[in-house]
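Working notes, beginning with the structure itself.
There are 2 protein chains.
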Amino acid sequence: MNKYENQTKMLVAVDCVIVGFNGTEMKLLVIKRGFEPEKGKWSLMGGFVQENESFSRAANRILYSLTGLRGIYLEQLHAYGNPERDPVERTISVAYFALVDITQYERQLSKDYKAEWKSLKNLPDLIFDHNRMVDKARQEIKYKAANHPILFELLPDKFTIPQLQNLYESIYEVEFDRRNFSRKVLSTKLLIKTAEKDKSNSKKGAYYYKLDNERYAEKFRAFLSIIPNPDKII
Amino acid sequence: MNKYENQTKMLVAVDCVIVGFNGTEMKLLVIKRGFEPEKGKWSLMGGFVQENESFSRAANRILYSLTGLRGIYLEQLHAYGNPERDPVERTISVAYFALVDITQYERQLSKDYKAEWKSLKNLPDLIFDHNRMVDKARQEIKYKAANHPILFELLPDKFTIPQLQNLYESIYEVEFDRRNFSRKVLSTKLLIKTAEKDKSNSKKGAYYYKLDNERYAEKFRAFLSIIPNPDKII
DNA sequence: GCAAAAGTGTTCGGATTACACCCATGT
DNA sequence: ACATGGGTGTAATCCGAACACTTTTGC
């Protein structure tokens with residue numbers, strides 16, 4: 704079969720916006736770039752798509768090589784292709800965003816890269832258009848989490864409802880009514896109560912819950928209203 | 704500045720899922736592919752991204768060359784990069800979807816391509832992964848239209864509420880209550896009533912409305928509930 | 001006993017639905 | 001006059017938000 708002639712070929716990269724939550728604030732995993740150009744500057748974790756590799760395989764490979772984690776929530780975000788985005792040569796990038804349980808991650812950190820969790824509130828300048836990618840990811844997470852239960856991906860296997868509420872509150876930067884929040888979440892039937900309590904924040908202690916994985920898979924695409932007044936917030 | 708070495712370069716295409724509505728059903732604009740491979744088969748309108756071209760410029764160029772229309776609603780859908788998607792050589796594709804007013808289009812049809820509007824219900828086989836792109840676009844439109852007023856892009860400048868309802872009904876494949884639908888739509892304040900009536904479907908005639916463009920721009924990102932029971936429908 | 005956080009119950013108002021009714025007009 | 005589709009009104013219902021109250025337990 705003939706080849707297509709006279710068409711410009713380009714380098715194709717995948718960049719990962721890796722987001723975590725430490726119980727108080729949202730974090731982004733960035734690395735110190737190890738090669739020119741922009742060597743030593745902060746950057747998203749990324750890499751070139753290989754000859755026989757799909758985008759999602761590339762994204763998973765990149766995520767694994769940095770965090771050692773597999774089976775992470777990973778979703779294609781947007782493709783970036785401005786001709787000037789990489790000054791060296793024409794490189795397009797398919798951005799993915801990943802939601803990881805930060806406690807899992809810390810155990811398995813790869814030392815090959817100089818990686819750091821930075822607060823999403825107070826990010827340094829990243830190379831190229833990486834800040835734009837992060838902004839897009841934040842927007843997308845906010846948007847999607849208003850209707851779909853994706854934020855559970857950021858929490859450990861067992862978590863309390865107040866922890867979950869903290870997460871939502873730090874994403875939307877508002878405070879919700881404790882009582883309504885808990886009822887709303889429980890009404891989704893996505894959570895299973897365990898016998899254990901977390902007493903680190905109160906004398907009474909808050910029950911730990913875990914995800915009902917079956918129902919989670921079912922409801923993943925449904926429209927769940929978890930936050931109040933989404934219109935005002937987003 | 705040095706170049707990145709030993710990395711695979713790829714061809715980069717943009718494919719457009721161009722959707723219209725003829726008053727009764729949803730249509731997709733496809734062309735008979737003019738070159739090998741798969742010459743003569745149905746295909747989305749697409750083309751290679753040029754040396755100094757961004758994705759959105761490429762998508763607009765492609766859309767313009769086929770329809771002669773500018774300023775069309777156009778949004779990036781997804782990037783496709785499976786190594787086997789194009790048998791000739793590694794080509795990735797950034798898919799866009801476009802919503803066009805089919806009546807506008809018909810006046811300005813370009814004769815350079817053998818283009819045809821096919822019913823979305825009953826699509827022919829398209830080349831490569833183009834059917835997947837169409838499915839994704841349909842899903843995305845359904846999803847997005849449940850919360851955002853994008854479907855107006857498919858209608859002429861002046862349209863009646865029953866026409867709008869037909870559009871929603873053909874997308875969601877359900878019937879809505881006439882009376883509640885009209886009130887819901889009007890409550891968004893996005894429509895301005897004109898003096899004219901469309902009498903083609905009834906003796907009484909239905910008022911033509913036009914979009915309030917200012918409010919449309921404002922409300923475009925808001926969560927508007929237009930369809931009832933979105934959970935059951937999507 | 002008290003403070004502090006977790007969890008349950010109740011009320012209120014607005015939105016949504018379902019459905020009855022009126023309107024305009026070409027035949 | 002009457003059939004047909006367009007449009008308005010209204011009662012019943014549901015759901016979310018607001019907020020009072022109870023529960024638990026370490027100090």
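First to last, the protein sequences are chains A and B. The first sequence begins at 704 in this note's numbering and counts up by one. The second sequence begins at 704 in this note's numbering and counts up by one. In this text, a Cβ means the ideal position worked out from N, Cα and C, and glycines have one as well.
Any Cβ of chain B closer than 8 Å to the Cβ of residue 862 of chain A would place that residue at the interface, and such an atom is absent.
With a threshold of 16 other beta carbon atoms within 10 Å, residue 852 of chain A meets it and is buried. Secondary structure in the segment 709 to 768 of chain A: the beta strand (DSSP E) runs of 3 residues or longer, each lying completely within the stretch, are 712 to 724, 729 to 735, 748 to 751 in chain order. Residue nearest to residue 732 of chain A within the set A/760, A/898, A/829 is A/829 (criterion: CA-CA distance). In this structure, DSSP gives residue 846 of chain B a helical state, which the three-state scheme calls helix. Distance check between residue 887 of chain A and each of A/898, A/926, A/858 places A/926 closest, using alpha-carbon atoms only.
With a beta-carbon spacing of about 7 Å, residue 865 of chain B and residue 904 of chain B fall inside the 8 Å limit used to define contacts. Separation of the CB atoms of residue 772 of chain A and residue 808 of chain A is rounded to 6 Å, and the pair is thereby assigned contact status at 8 Å.
Between residue 779 of chain A and residue 781 of chain B, the gap from beta carbon to beta carbon is short of 8 Å. In this chain, the beta strand (DSSP E) harbouring residue 798 of chain A covers 794 to 803. Interface criterion not met: the Cβ of residue 748 of chain A is under 8 Å from no Cβ in chain B. If you look at residue 861 of chain A, you'll find it in the beta strand (DSSP E) that goes 861 to 863.
Shown in chain order are the members of the segment 748 to 781 of chain A whose Cβ falls below 9 Å from a Cβ of chain B: 751, 752, 753, 754, 755, 756, 757, 758, 759, 761, 779, 781. Linking residue 789 of chain B to residue 831 of chain B through their CA atoms gives a straight-line distance of about 6 Å. Within its own chain, the residues whose Cβ lies closer than 7 Å to the Cβ of residue 784 of chain B, once the five positions on either side in sequence are excluded, are 795, listed in chain order.
Judged by DSSP in its simplified three-state form, residue 875 of chain A adopts helix. Along the segment 704 to 737 of chain B, the positions whose C-beta sits under 8 Å from a C-beta of chain A are 704, 705, 706, 707, 710, 711, 712, 713, 714, 715, read in chain order.
With distances taken between CA atoms, residue 793 of chain B lies nearest to B/715 out of B/741, B/846, B/715, B/901. Taken atom to atom, the span from the alpha-carbon of residue 889 of chain B to that of residue 838 of chain A is near 34 Å. Judged by pairs of C-beta atoms under 8 Å, the segment 755 to 767 of chain B does not touch the segment 870 to 886 of chain B, as fewer than three such pairs exist. Residues of chain A whose Cβ lies closer than 8 Å to the Cβ of residue 792 of chain B are, in chain order, 706, 707. One alpha carbon belongs to residue 806 of chain A, the other to residue 764 of chain A, and they sit about 20 Å apart. Taking 8 Å as the cut-off, the Cβ atoms of residue 742 of chain B and residue 736 of chain B count as close.
In the three-state DSSP reduction, residue 789 of chain A falls in the coil class, being neither helix nor strand. Annotation for residue 727 of chain A: 869, 873 place their beta carbon closer than 8 Å to its own, counting only its chain and skipping 5 residues before and after. DSSP places residue 927 of chain A in the coil class of the three-state scheme, outside both helix and strand.
When the alpha-carbon of residue 823 of chain B is set against those of B/720, B/929, B/931, B/707, the nearest one is in B/720. In this structure, DSSP gives residue 891 of chain A a state outside helix and strand, which the three-state scheme calls coil. For residue 819 of chain B, the uninterrupted beta strand (DSSP E) run begins and ends at 818 to 822, by DSSP.
According to the DSSP secondary-structure assignment, residue 914 of chain A is paired through a beta bridge with A/894. Closest in C-alpha terms to residue 892 of chain B, from the list B/766, B/907, B/912, B/803, comes B/912. Counting only Cβ-Cβ distances below 7 Å, residue 795 of chain B has contacts in chain A at 715, in chain order. Closer than 7 Å at the C-beta level to chain B, one finds no residue of the segment 830 to 854 of chain A.
Judged by beta-carbon spacing, residue 766 of chain B lies within the 8 Å limit of residue 801 of chain B, meaning their Cβ atoms are closer than that value.
For residue 785 of chain A, the chain B residues whose Cβ falls inside 9 Å of its Cβ are 757, 758, in order along the chain.
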